[in-house]
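Student:
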Amino acid sequence: MKHGAVIVRGGSVISIGINKNRNHPTMVSSEHIKTHCSIHAEIDALRKVKNPKGATIYVARVNKRGQDRLSRPCDRCHKAIHDAGIRKVVYT
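Taking the working numbering, the leading residue of the sequence shown gets 210, the next gets one more, and so forth.
(1) Can you tell which of Asp253, Arg274, Gly219 and His291 has its C-alpha closest to the C-alpha of Lys229?
(2) Taking the alpha helix (DSSP H) that Arg270 falls in, what are its first and last residues?
(3) Looking at the secondary structure, which residues open and close the beta strand (DSSP E) in which Lys182 lies?
(4) Determine whether the beta carbon atoms of Pro282 and Val271 lie at a separation below 8 Å.
(5) For the candidate residues His249, Gly220 and Val222, whose alpha-carbon lies nearest to that of His212?
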């Protein structure tokens, strides 16, 4: 699956993020894979923008066939989005 996030303010894209692996899963114990081996698209996008306050974040996920899949931000991403001052979250 592919997962992406776009932060928009005032009709302009101010940041884009995608899911990506940081470490190969075999290098981290199994209980830490989910939290230590990937960067979620929302966090990737937030890290690339200086001031996202008041912006809207769009989050989408598609499977290998190009079909939309549920992309609601996880609890950690939701908190990061809220803490950054994002005004609105739109997801597939």
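Note that CB positions come from ideal geometry on N, CA and C, so glycine has one too. Predicted model, so just to flag it, every value in this text is computed and none were measured.
Tutor: Reading from the atomic positions:
(1) Asp253
(2) No alpha helix (DSSP H) contains Arg270, which is instead part of the beta strand (DSSP E) from Thr265 to Val271.
(3) Since the first and last residues shown for the chain are 210 and 301, residue 182 lies out of range.
(4) no
(5) His249
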